[in-house]
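Reading through the structure tokens given below for one structure.
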Ligand SMILES: Cc1cc2nc3c(=O)[nH]c(=O)nc-3n(C[C@H](O)[C@H](O)[C@H](O)COP(=O)(O)OP(=O)(O)OC[C@H]3O[C@@H](n4cnc5c(N)ncnc54)[C@H](O)[C@@H]3O)c2cc1C
């Protein structure tokens, strides 16, 4: 396992917030992950860092960073795919395509590790990772035992999961059940979704996707539009002029700039619409 000290986290969070941690570990195997938790008492885990707000300039802790490593994968003839948590959803969706397997098309354009996707119950267009999930192997930090849990016992909700509610459990390996389908149909769905999403999202600035969860009966982007908040800026962070649901880093945004915008949006939305917004991104 590679280990670095005084490690620059800027390239490992999609907001590109500048921050440093005391030590960063890059595991390649399950044994590496288990040994990290056996030997570190204060820690933070990053899958691919696409849904986090780094709120500190310096972390006096150890970071475990998957970043596309820890990514062994196997596929059987019945369409069952078994992969380690660090593999990216891009790679996984491309592998599914190569094997004429359908079910991961939307993840072609959701930047994520497999573990992060399970924790966040990531999804789009009415589909979520839970739809194709069978079971998960995880490390329970309470007793340091490796265990398995079936989908039925995970109580998935919109952008919420057993693992988000239990942050002392680490996703190690995931079983997905995909369906055989014609390759060109799978490819067409992947490309269509990507084109539609790129037309709406502010790809020109670093961001971490939608800041808030969608509240029942409301659209965050529409409420922010109505409040004339598009372009609202604090320091280097700005509510995207293209999509009100995104905050973008237009310069040297700090975690505090982003959190200050979030507080202001929450205050104004509550005042005008009576809606309590819930932040989707994880503040670290
Ligand atoms: C341009 C853009 C578009 C996006 N569009 C979407 C979208 O359409 N739908 C959607 O759902 N999301 C979207 N997102 C958000 C993001 O892609 C998802 O939340 C993704 O699943 C995050 O995965 P990650 O590996 O990057 O997690 P990270 O950001 O690394 O981590 C998120 C949280 O999960 C925890 N975690 C990560 N891996 C594990 C693990 N193995 N075990 C336990 N805990 C773990 C971390 O500690 C952290 O608390 C978008 C983001 C961007 C930048």
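Numbering (the working numbering), first residue to last: 18 to 301. Glycine included, every Cβ here is placed at the ideal spot set by N, Cα and C. Being a predicted model, the structure only gives us computed values, none of them experimental.
(1) Within 10 Å of its beta-carbon, does residue 208 have 16 or more other beta-carbons around it, so buried, or fewer, so exposed?
(2) Going by C-alpha to C-alpha distance, which of 39, 194, 45 and 155 sits closest to residue 166?
(3) Where do the N-terminal and C-terminal ends of the beta strand (DSSP E) with residue 190 fall, by residue?
(4) What residue does the beta strand (DSSP E) around residue 255 start on, and which one ends it?
(5) Residue 59 to residue 40, Cα distance in whole Å?
(6) Bridge partners for residue 140 per DSSP, in chain order?
(7) For the alpha helix (DSSP H) containing residue 110, list its first residue and its last residue.
(8) Expressed to the nearest angstrom, what Euclidean distance is found between the alpha-carbon atoms of residue 122 and residue 138?
(9) Tell me, to the nearest whole angstrom, how far the beta carbon of residue 254 is from that of residue 264; I am working on the premise that it is less than 8 Å.
(10) Hey, residue 196 and residue 133 are a contact pair by Cβ (cut 8 Å); roughly how many whole angstroms apart?
(11) What separation, rounded to the nearest whole angstrom, lies between the Cα atoms of residue 180 and residue 168?
(12) Using a Cβ-Cβ cutoff of less than 8 Å, which residues in the same chain neighbour residue 97 once the five nearest sequence positions on both sides are dropped?
(13) Going by beta-carbon coordinates alone, are residue 256 and residue 248 separated by less than 8 Å?
(14) Span of the beta strand (DSSP E) holding residue 153?
(15) To the nearest angstrom, how far is it from the Cα of residue 238 to the Cα of residue 158?
(16) Give me the Cβ distance between residue 303 and residue 173, rounded to the nearest whole Å; I'm assuming they're in contact under 8 Å.
(17) Which residues does DSSP list as the beta-bridge partners of residue 92?
(18) Return the CA-CA distance between residue 91 and residue 164, expressed in angstroms with no decimal places.
(19) Any heavy atom of ligand 1 closer than 7 Å to the beta-carbon of residue 63?
(20) In whole angstroms, what is the alpha-carbon distance linking residue 136 and residue 142?
(21) So does residue 67 have its beta carbon nearer than 7 Å to some heavy atom of ligand 1?
(22) What does the Cβ neighbour count give for residue 79, buried or exposed, with the cut at 16 atoms within 10 Å?
(23) To the nearest angstrom, how far is it from the Cα of residue 283 to the Cα of residue 277?
Inspection of the coordinates gives the following:
(1) Counting of Cβ neighbours within 10 angstroms places residue 208 among the exposed residues, the total staying below 16.
(2) Measuring from the Cα of residue 166, the nearest candidate turns out to be 155.
(3) For residue 190, the enclosing beta strand (DSSP E) stretches over residues 186-194.
(4) Start and end: 254-256.
(5) One alpha carbon belongs to residue 59, the other to residue 40, and they sit about 11 Å apart.
(6) DSSP lists 145 as partners of residue 140.
(7) For residue 110, the enclosing alpha helix (DSSP H) has its first and last residue at 106-115.
(8) Their Cα atoms are separated by approximately 15 Å.
(9) Yes, they are in contact, since the Cβ atoms of residue 254 and residue 264 sit about 6 Å apart, within 8 Å.
(10) Contact check for residue 196 and residue 133: beta-carbon distance about 24 Å, past the 8 Å limit, so the pair fails to qualify.
(11) So the alpha carbons of these two residues sit roughly 12 Å apart.
(12) Correct list, in chain order: 151, 192, 193, 194 and 195.
(13) Yes, the Cβ-Cβ distance between residue 256 and residue 248 is below 8 Å.
(14) Bounds of the beta strand (DSSP E) holding residue 153 are 150-157.
(15) Linking residue 238 to residue 158 through their CA atoms gives a straight-line distance of about 38 Å.
(16) What the structure shows of the chain is the stretch from 18 to 301, and residue 303 is not part of that stretch, so it cannot be assessed.
(17) Beta-bridge pairing links residue 92 to 98.
(18) The alpha-carbon separation between residue 91 and residue 164 amounts to approximately 20 Å.
(19) Residue 63 has its Cβ nearer than 7 Å to a heavy atom of ligand 1.
(20) Roughly 18 Å between the two C-alpha positions.
(21) Between ligand 1 and residue 67, a heavy atom-to-CB distance of less than 7 Å is present.
(22) Flag for residue 79 reads buried.
(23) Those two C-alpha atoms are separated by around 10 Å.
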